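Student:
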Amino acid sequence: RQYAFPVHCHSCAGSQFARVFWCLSKNYLASKQELFAKMDDICMSSEKPGANVSRCLRNGYVHALLLYSSSLDGSIKLWDFMDGIPIKTFTVGSKLLALYALASFEDSVFVVIPKSGERDTFQLVSVKLTKAAGQDLEAKELSVVLDGVDASPKCIAFGREGEYVASVKEVNLQVYFFKRKQLNRFSVSAMKTKSGKNHFMCIACHPTEDCIATGHADGKIRLWRNFHHKKEYTFSTLHWHHDTVMDLAFSLQGSSLLSGGVESVIVLWRNESERQRDFLPRLGSAIEYISVSPDGTLCCTLHTDNSKAECVTSHLGSFTGLVVDPRTKALVLNGEPGHLQFYCLQSDQQLFSLDIVQRQYIHQAGLNQTDLVKVAFSAQGEWLATVEEREEVTDPELQLKLWFYDEETQSFKLNTRISMPHEDHITDMCFRDIDEVEDESLILVTTGSDCVFKVWVMVEDTDPEGNVSWSCDFVGSYHNYQATNCCFSEDGSLLAVSFEETVTVWDSVTWDLKCTFCYSPGKIRNICFGRLTCSKYLIGATDHGFLCCWNLLTCALEWSAYLNVVVLQPDPLSEHIAAISWLSKDSSLFVFKPNEPRPIYIQRNFCKEKIQLAVFVPREEPETIGSAKYLWLRRSQLFFLTATQELITLSTKSLEERLTPSSKQLAVEESLPVTPFSLLLGKHRRHQSQEDIDLGKLVVRNKPEQDSPAVKELLHTPAHVLPSASFLCPVFINSLLISKENPSAEEVADEVEMESEKTEADSDEERDVTEMEQEDTSPVELLGEITCKLSKSQEKELRKLRKMDYSWISAF
Amino acid sequence: MGEFEVHRVRFFGLVPAGVRCLACQPRGTRLALARTDGAVEVYSFAANYFQEKVIPGHDSRSVEALCWAAGDRLFGAGLNGEVTEYDLARLCAARSVDGCGGPIWSMAANSNGTQLAIGCEDGSVKLFQVVPGGIEFERNLDRRKGRILCLSWHPSDTHIAAGSIDILRVIDVSSGQTVQRIMVNYHVQKVKRECVVWSIAFLSSGTIVTSDSFGRVQFWDRERGTLVESHTVSTSAVLSLAVSEEEDSIIVGTSTGATYQFQLLPVKAGSLEKRWVRTKPFQYHTHDVRAVAHSSTALISGGLDAQLVIRPLMEKMQKKGYDAALRKFTFPHRRLVSCARKARLLLFQFSQHLELWRLGSTDETGKDGEVLPLCRMPEHLVQLKSKGPEHIYCSCVSPCGSWVAYSTASRFHLYRVQYEGNSVSIKKVPKMPKLLLPAYQLQFSSDSSSLFVASARGAVHVLQLLEPGGCKHQHTLRPPSGSPEAVYLLASSADGHWVAAVSGDWAIHIYNLKCFKHHCLVPTYSCAVTALAIHPVTNNLVIAYSDQQLFEFSIPEKQYTAWSRTVQSCGLHRVWLERDSPITHITFNPKNPSHILLHDIYMFCVLDKSLPLPDNSALLMNQGTLKQLPETARKRQLHAFKICKKFQPLLFADLLDENCLVMVERPIMDIKTQLPLPIQQKKFGT
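Those sequence lines, one after another, are chains G and R. For the first sequence, counting from 1, position 327 maps to 327 in the UniProt record's numbering; every step adds exactly one. For the second sequence, counting from 1, position 350 maps to 350 in the UniProt record's numbering; every step adds exactly one.
Here you go:
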């Protein structure tokens, strides 16, 4: 079916954009992607380092070739968006929450600011923009237009030719006529509907007629007319949406109205008639904003998830964990509800999204949706196992699905579907990871809260085609404890399953219980086997803050350490294991080999947030790393996902070098001709980046690091708007000077010193441990947290104490 | 309030007939309504939409169209092919003229009410001249194939727009020729179904508005015959359409029960360009909305679910008050139930038959709110079928239960009912005296010795009942000044001294029965009387008016009582005055002379004259809160109105003895199950 309106789905990168705007220039309609990239850059470049401007570009409106933007720090900026440079900055003073600029009000713009003295009340004010020369101007001429408006930019709209302004808040609609200076208020009764939620959500004004469209929380659209009269106003209702109408937009001539909501469907209402409507369904995710281009040919929607452009956020939270697809080396995690997204780290984009649940997603508040909770790949990436779960009040609905990678279609194909594989939640799942191609060796183990673990094997179907399917082979349990984790040893001969406080080791051929390990107090949180040279070790972390290592040959505890480990992640390509601890407010990273209790690398307090998941992603080619400290990063890279869904990685290099700087770098830099000036500047820059490496810049977030703002400004601003050279010169010269004090260098030096102390301490402690093991008491080791806070004298005292004989304690 | 044992009667199986057509009196204050059983009712806007007059139906006289002409003359036309004029004073069909064109589907009067146009089955449009004493055929207009389903005159009376199947025509009145022929479904491609133009309106601007079976409301240009605007409001047919007198608002009714308003609104403030915009949707009906009307302040719709809905236009209201309330009328504003107190019998009046029931009884007692088990079930004793096509005007059972009387338009019947053990025998009283028929109201005296028959011209006949089964015309009471209007309400005193009669001009005459003389005339009030009764002890006449005012008139002293004067000076409670259904019955408790028992459709009230009247700040319906208060605090909160809303919709309430009440309910759901299934509509989420 043909739709008369072409719709471009576009989501803005980052959350900076509150609304999508169209510029009048036709060139930019075609290349709006580029425009937004530029806007993003503008936004980022204008962000002052240190200043806490979380959402810099709050709102913008386009005026011919100029663009206004307002920010929460109280400034309105005028941009030349063709070149992406700021022209003027007007300082208003208070927080600006929304900005509206109209053609009919040339010298003033409208902004929403908080009302002084009252919390959570906002007012719409008009700001007179002075025409005085200069870049930084004060805009102090404010006049209040409307009081008690909503902070959302969707809740205010200007009528045809700027004759009136309409604002909605809760159940009230107010319309202010500029010429007559008349304010009319209307309200919908809150009691009228059964659900009681017919309050206003958004507003749009007809471009040529006196008609206001409002969207309501109960899914209705009301078209108000005759609102010049306080009494004889009237409205008609359009109803299709079953939930909140998120945004409305009139077409250029006003003959049709577009509405969107949580259903991810654009509804086109023709002639304001309830019967004449068209739909554009399946837009992927809930529609937040709708905007129509000034020439009326295009419509743009902004969705709640930004998955189209670059997807790191999975808006329902990562349940599945971070998994690397062995085939594509892509990071696999939850995407849209019921989908797995494959996210390529190298190109920083979503490769594809696999529909696992394969059910229509019903957008309804309070509905329990089926969602993905566990995912596992076989070693070669041929098999994919997924667990989906629907939380029900009585009993959960579980499904285990096994997918086979079809070479022909280049995608996963559903092979087996097992409903209710366990009676209760599935806690962990793993494949037997053998690098052999034989399918017979492939085994899947699932552990459940129903106190059993199950082993699933492939069986050949009886039909002549010889297809395979999965079925349960063995059910194991241990003293009716809940099974929490499972893990195969590297050669696949042993399976470790943790049952609350106990780790059990099973022979994977005969399914005999080989041995058990227990390290009370505390339940086992994570377990993993060592690899390569350390394959005889089994590592476990308890929720009472102990990390223990058992030797499988001797069946004895090799060592243990006091560390509140939240994530334990072995590197599949080396013997290194990463443990991430969480202490009060900081996450710390420890990398160690199981054969020695001394960590080979410690990164303390690298993140203020709790790390939820971590994964080693194999590098395409081993990186050459000079420092021995970072040798563990040679073959794979470690990625973390925080509670706020931020993806963090450790790198020895700065992000600028690592990422292909397609959209991140400005055109100006690339086309810089080779001049003495550019050489000077280039040297300056190289010097900076080298400095970074030298200083061992470790943590790189997905944010571009800042150059000197003065230099950037100087280079990005066209000459005709630059201030005089005499003004710029000192700024530029200053930026090239190397500052005497470099606080970061100092910091790093401190850390190195501290580390050397620790190694000292560690070696001592190692000795202690061996001693204690002989005594067969529960060994306690302090690895880090406390030690580093002690002064040297205290430490010596402590050492003395430790060397004392405590064997008399065991007598009790 | 006192405690009563209540007979909660739900076996009155009344199904009101659906509304077929509505007609607002032009520039007037009355609304005529015709039901599918041929009954015609007149509602008065001035009297708070009180159902002023009812002309019962007739089997062979269906009404397809009603219109007011020549001021206040009401004409109806139906499928029997006749145009009938109704006598609103005598409440009967006065004259009928055959249209000679087969069944008549539509009728319209011109703007000054001098001419009637009818649309017939054979496709002809005929003009009739309204003359004093009837109508005269004037001439035929251009006749084409296809029945004329709707007609509308241009306000200048020069043209008539006639809607038919698939087509609408504009006829020049002076030449009688069709000047414009518009195919309605020309724009719809490949449609096999025929498109019925259900309703049409001719606006003074030359725009013709049609509503059709495709669910469209369309605006046509008369000169060019082109479509100006088309609004699809429904997937099912739009059956009815009405335009306001200012021609700025239209109401349409659809077969799904929804009604929509269209308004002519300026596109921009101050610009002359105006457009019809569909504004408010309403869903008050469950079935076809066969008729709509647009008064100056309200949208009126009537449907096959027998509801008449009056939805006031808030923007035309000066203040929030009685007029601004939404009204839904399903039941008539008069009682169809009569009660034999002593014999504990109920007589139910249907359109063509009567049912006599004996109430059940119990020998148990219980606490407030308890349901008592019956030891004897209610019993359907007799069903009396009225012969002939005429519907029943009124009926009554005597207090002793041994007499039943009813009247149709041309006949009056009196029956003697005898109970012998479990068997009931009924015998028609022969040789009835010749009376001026029909009777509009019947009332037995409290000792069952005489029957009062309300008749036309303000007359009340007194019939003496004779044992074992006879009757004699005793006297005819007439107002001394004469009256053209029929008596529609009667009340007799318990001691047999007085009878009060209310005629259609709302004058209340009181007659002395001892000497059969006119006693006095109660001072006339500007509203319709909805109920009246004479107190058995004090002989005070209590009168309820349609504006919810209450008066007490002392018959012996020929003046309003002191209490009545207090009520008038203090004023009644605001909530009481804003109720939207009239009091239909008043009765008294002989044990408690200060109590007056009254009820309307939605409430039952015991009015205690000994208690102070509530002021507007007090809570009128305070029974619920009183129950929670301690004894001492309760005393201070008490006021005269004790209202019970437990029984709804309440068709009748009466006191059987000191502490026994009978309440006749007719739950709306029971009526709904009797109606045909409504149009199936997909509801989201089901």
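Using N, Cα and C, we set each Cβ at its ideal position, and we do this for glycine too. These figures come from a predicted structure and were not determined experimentally.
Taking the alpha-carbon positions, what's the residue 591 of chain G to residue 468 of chain G distance?
Tutor: Rounded to whole angstroms, residue 591 of chain G to residue 468 of chain G spans 41 Å at the Cα level.
Student: Across which residues does DSSP place residue 237 of chain G in a beta bridge pair?
Tutor: Partner(s): G:222.
Student: Return the chain-ordered ranges of every beta strand (DSSP E) run that is complete within the stretch 189-234 of chain R and spans a minimum of 3 residues.
Tutor: Counting only runs of 3 or more, we get 197-202, 207-212, 216-221, 226-232.
Student: Beta carbon of residue 245 of chain G, beta carbon of residue 216 of chain G: below 8 Å?
Tutor: Contact: yes.
Student: Taking only beta carbons into account, state which residues of the stretch 260-271 of chain R come closer than 7 Å to chain G, listed in chain order.
Tutor: For the stretch 260-271 of chain R, which is checked against every Cβ of chain G, the residues closer than 7 Å are 263, 265, 267, 268, 269.
Student: Mapping DSSP to helix, strand and coil, what is residue 188 of chain G?
Tutor: Reduced to three states, the DSSP call for residue 188 of chain G is coil.
Student: Contact between the stretch 273-283 of chain G and the stretch 239-251 of chain R is defined here as three or more beta-carbon pairs at a separation below 8 Å; is this criterion met?
Tutor: At 8 Å Cβ cutoff, the stretches do not touch.
Student: Check each candidate in R:223, R:216, R:243 and name the one with the smallest Cα separation from residue 233 of chain R.
Tutor: With distances taken between Cα atoms, residue 233 of chain R lies closest to R:216.
Student: Along the chain, which unbroken stretches of the alpha helix (DSSP H) at least 4 residues long are found entirely within the stretch 519-607 of chain R?
Tutor: Correct list: 562-570, 574-577.
Student: Entirely within the stretch 115-178 of chain R and at least 3 residues each: give me those beta strand (DSSP E) ranges in chain order.
Tutor: Entirely contained in the stretch 115-178 of chain R, the beta strand (DSSP E) runs reaching 3 residues are, in chain order, 115-120, 125-131, 134-140, 150-153, 159-163, 167-172.
Student: Does the beta carbon of residue 620 of chain G sit closer than 8 Å to a beta carbon anywhere in chain R?
Tutor: No, because no Cβ of chain R sits closer than 8 Å to the Cβ of residue 620 of chain G.
Student: Work out the CA separation of residue 463 of chain R and residue 444 of chain R for me, nearest whole Å.
Tutor: Cα to Cα, residue 444 of chain R sits roughly 9 Å from residue 463 of chain R.
Student: Taking Cβ to Cβ, would you say residue 79 of chain R is nearer than 8 Å to residue 62 of chain R?
Tutor: Closer than 8 Å, so yes.
Student: Enumerate in chain order the residues of its own chain whose CB-to-CB distance from residue 682 of chain R is below 7 Å, with the five nearest sequence positions on each side excluded.
Tutor: If we look at residue 682 of chain R and ignore the five residues flanking it on each side, it has no Cβ neighbours.
Student: Please state the DSSP three-state secondary structure of residue 511 of chain R.
Tutor: Residue 511 of chain R: strand per DSSP, three-state reduction.
Student: Could you check if residue 637 of chain R is buried or exposed, using at least 16 other CB atoms within 10 Å of its CB as the buried criterion?
Tutor: Classification of residue 637 of chain R: exposed, given that the 10 Å Cβ count is below 16.
Student: Give me whichever residues DSSP pairs with residue 452 of chain R in a beta bridge.
Tutor: DSSP lists R:443, R:462 as partners of residue 452 of chain R.
Student: So, under 8 Å CB-CB, residue 470 of chain R and residue 429 of chain R are touching, yes? Tell me the CB distance rounded to an integer number of Å.
Tutor: Their Cβ separation, rounded to whole angstroms, is 6 Å, which keeps residue 470 of chain R and residue 429 of chain R in contact under 8 Å.
Student: Within this structure, are the beta carbons of residue 651 of chain R and residue 12 of chain R separated by less than 8 Å?
Tutor: Yes, they are a contact pair.
Student: 8 Å is my cut-off, CB to CB: does residue 184 of chain R come that close to chain G?
Tutor: Chain G, which has no Cβ nearer than 8 Å to the Cβ of residue 184 of chain R, makes this no.
Student: Take residue 534 of chain G and list the residues in its own chain whose beta-carbon comes closer than 8 Å to its own, dropping the five residues that flank it on each side.
Tutor: Around residue 534 of chain G: 575, 593, 594, 595.
Student: List the DSSP bridge partners of residue 322 of chain G.
Tutor: Residue 322 of chain G pairs with nothing; no bridge assigned.
Student: Against residue 254 of chain R, what residues of chain G qualify as contacts under a CB-to-CB distance less than 8 Å, listed in chain order?
Tutor: Correct list: empty, because the minimum Cβ distance to chain G is about 12 Å.
Student: Determine the contact status of residue 687 of chain R and residue 394 of chain R, defining contact as a CB-CB distance below 8 Å.
Tutor: Only positions 1 to 686 of chain R appear in the structure, and residue 687 of chain R is not among them; the question remains open.
Student: Using the beta-carbon count (16 or more within 10 Å), is residue 201 of chain G buried or exposed?
Tutor: Buried, by the Cβ-count rule.
Student: Alpha carbon to alpha carbon, how far is residue 173 of chain R from residue 159 of chain R?
Tutor: In a straight line, the C-alpha of residue 173 of chain R is about 5 Å away from that of residue 159 of chain R.
Student: What number of angstroms, rounded off, separates the C-alpha of residue 450 of chain G from the C-alpha of residue 481 of chain G?
Tutor: Rounded to the nearest angstrom, the two C-alpha atoms are 8 Å apart.
Student: Count the C-beta pairs between the stretch 129-143 of chain R and the stretch 191-199 of chain R that are closer than 8 Å, then say yes if the count reaches three, no if not.
Tutor: Taking 8 Å as the limit for Cβ pairs, the verdict is that the stretch 191-199 of chain R does not touch the stretch 129-143 of chain R.
Student: Using only alpha-carbon positions, find the residue among R:552, R:525, R:476, R:329 that is nearest to residue 461 of chain R.
Tutor: Residue R:476 is the option with its Cα nearest to residue 461 of chain R.
Student: Let me know if residue 380 of chain R comes out buried or exposed under the rule of 16 or more other beta-carbons within 10 Å of its beta-carbon.
Tutor: Flag for residue 380 of chain R reads exposed.
Student: Buried or exposed for residue 211 of chain G, please, with buried defined as at least 16 other CB atoms from any protein chain shown within 10 angstroms of its CB.
Tutor: Counting Cβ neighbours within 10 Å, residue 211 of chain G comes out buried, since at least 16 surround it.
Student: Round the Cβ separation of residue 490 of chain R and residue 501 of chain R to the nearest angstrom and send it over; I've been treating them as touching at under 8 Å.
Tutor: Correct: roughly 6 Å between the Cβ atoms.
Student: Could you tell me the distance, in whole angstroms, from the CA atom of residue 684 of chain R to the CA atom of residue 240 of chain G?
Tutor: If I take the Cα positions, the gap works out to 10 Å.
Student: Which bits of chain G does residue 209 of chain R rub up against, with CB to CB less than 8 Å?
Tutor: Within 8 Å Cβ-Cβ: nothing; residue 209 of chain R doesn't reach chain G, min ~16 Å.
Student: Consult DSSP for residue 284 of chain R and reduce its assignment to one of helix, strand or coil.
Tutor: Coil.
Student: First and last residue of the beta strand (DSSP E) that includes residue 299 of chain R?
Tutor: Run containing residue 299 of chain R: 298-303, per the beta strand (DSSP E) assignment.
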